[in-house]
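In the working numbering, the protein residues as written are 144 to 666. Every residue gets a Cβ at the ideal spot worked out from N, C-alpha and C, and that includes glycine. Since the structure is predicted, the reported quantities are computational estimates derived from the model, not experimental observations. See structure below.
In structure tokens:
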């Protein structure tokens, strides 16, 4: 039997819009435990879909000798229900399978009721269900795309435990530091192909840091080349214009009527003016952005992150909860929560399905509680939902920064470099970014919005950020930037997260723990 389950040769992958993702990728995998890493938006999820047979191969070849099980990053409700029905039916037909399912369900920290087809589930519970189905399958190859997303601590420990002993093929796309530390070798996916990085997690971090700096400098070189090409084109157009002027003199020599000559000249001038304006705007934008990014990257990376400053607090609560509780489908998520928040830093933790996202929505004023009352100063709150779904927009990050008074393009470029945000992505619409990229873009906007309000002496400024699983789907460079940004943020924080490393790094003052059974503790 052939030792390789899948082989890829000279694979090229583009986005639906035609933007290149991968070029000349070669990959062979058998009974291997492989972690695929790379920056957000480079094409890792697309590669898994190709390996699963869910996306076509336009250029290159794919040889698949097994039928893999693919746990997607964004599963549909139908996929989740199909997995639940499969587990339910199999357990009814096979008592041994039913006992194993019960044991794995308990280890994963998943309530048995979540296995029932059609049952209401949180994102984390749905993720556990799909991973359970993959774990108990007979597939020779598993493809797991961001399997730690929304997993609580019990689920993460369970996932790490069985992946370390998995004796068949598995390809994991992940940025989760705890999970990546379980791997000794990595495939780093980039636009130019795939690089093998041995040596463990420390070697991976070093490689990614160097690659990110090189990529940004190459981007600026490309911009400079574009500006030079535009300048060359402008010179050609000027030469053509001179030839046209000579042609007009010849027209005069041929005694063309003055009326006819003026008519032709008028039409030509209108067309030339319109084309010239478009060309000049394009040339100016390209040159200005090239100069701005060149200056920003000329500073030794990474730059010190500009720390927002806030005015003196007015002593009023930004959020006040009085005996707040929420019940969903006759199940109490939490009850009798009393809290006043100004500029404190609060972590909200708990198992999947405990109600963390629901509580954050109540705090932000987006949902009414079942019991109790909420007073929220919404104009003082900046919010980023999970995956920044509330920041999906046709505007680019550069457009939003200009709206929030970031200053010149040079100022905006320096700000982006300080936040380690890819310069090329700042020009693209937010809706085209990956969830991790959009989270970082949204945070940069909120920082700038708060800073602008302080500089302009506005009475209303953002004083508290509400963030739901902000580290989910962030690449390692983005995660480092996020930790730095939140650590230096001088205002209040409410962060729902399962990432204990993140919470330790951002200096949390208090932790609210929801137990999943309606109770809570504040420490």
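Exposed or buried, what is residue i when buried is set at 16 or more other beta-carbons lying within 10 Å of its beta-carbon?
i           : result
residue 528 : buried
residue 643 : exposed
residue 441 : Legend: pLDDT at residue 441 = 48, less than 50; position of this residue unreliable, value from coordinates given subsequently. The residue in question, residue 441, is exposed, as its Cβ has fewer than 16 Cβ neighbours within 10 Å.
residue 443 : Only weak support exists for where residue 443 lies, its pLDDT of 40 falling under 50; the value from the coordinates is given anyway. Residue 443 is exposed by the Cβ-count criterion.
residue 518 : exposed
residue 301 : buried
residue 626 : buried
residue 570 : exposed
residue 580 : buried
residue 447 : Low per-residue confidence applies at residue 447: pLDDT is 48, beneath 50, and the placement is therefore not dependable, though the value from the model is reported in the following sentence. Label assigned to residue 447: exposed.
residue 501 : buried
residue 200 : exposed
residue 458 : exposed
residue 525 : buried
residue 169 : exposed
residue 523 : buried
residue 562 : buried
residue 660 : exposed
residue 307 : exposed
residue 585 : buried
residue 549 : buried
residue 608 : buried
residue 227 : buried
residue 196 : exposed
residue 161 : exposed
residue 289 : buried
residue 578 : buried
residue 339 : exposed
residue 235 : exposed
residue 624 : buried
residue 152 : exposed
residue 214 : buried
How is the beta strand (DSSP E) around residue i delimited, first residue to last?
i           : result
residue 462 : 462 to 471
residue 152 : 149 to 157
residue 203 : 202 to 207
Kindly identify the DSSP beta-bridge partner or partners of residue i.
i           : result
residue 518 : 463
residue 178 : 315 and 329
residue 635 : 607
residue 488 : 636
residue 477 : 469 and 661
residue 216 : According to DSSP, residue 216 bridges with nothing at all.
residue 291 : Answer is none; residue 291 lacks a bridge partner.
residue 626 : Residue 626 pairs with nothing; no bridge assigned.
residue 107 : The structure shown has nothing for residue 107, since the chain only spans 144 to 666.
residue 653 : 489
residue 483 : 463
residue 286 : 213 and 314
Which residue's Cα is closest to the Cα of residue i: the options?
i           : options               : result
residue 647 : 174, 492 and 605      : 492
residue 620 : 319, 458 and 224      : 319
residue 274 : 239, 313, 201 and 502 : 313
residue 190 : 316, 498, 283 and 505 : 316
residue 256 : 474, 151 and 311      : 474
residue 478 : 164, 665 and 153      : 665
residue 260 : 253, 285, 223 and 325 : 223
residue 592 : 452, 572, 639 and 657 : 452
residue 513 : 476, 488 and 494      : 476
residue 574 : 541, 555 and 532      : 532
residue 612 : 180, 294, 324 and 516 : 294
residue 663 : 572, 153, 628 and 466 : 466
residue 310 : 278, 163, 243 and 494 : 278
residue 488 : 323, 193, 213 and 635 : 635
residue 546 : 286, 594, 521 and 560 : 594
Terminal residues of the continuous alpha helix (DSSP H) containing residue i?
i           : result
residue 166 : Note, residue 166: premise wrong, no alpha helix (DSSP H); beta strand (DSSP E) at 163 to 172.
residue 307 : 296 to 307
residue 192 : 187 to 194
residue 494 : Note, residue 494: premise wrong, no alpha helix (DSSP H); not H, not E.
residue 272 : 266 to 278
residue 247 : 238 to 251
residue 648 : 643 to 648
residue 320 : 320 to 323
Say whether chain B places a C-beta atom closer than 7 Å to the C-beta of residue i.
i           : result
residue 558 : Included in the structure is just one protein chain, with no chain B present.
Would you list, in sequence order, the uninterrupted beta strand (DSSP E) runs of no fewer than 3 residues that lie entirely inside the region 502 to 572?
514 to 519 and 524 to 527
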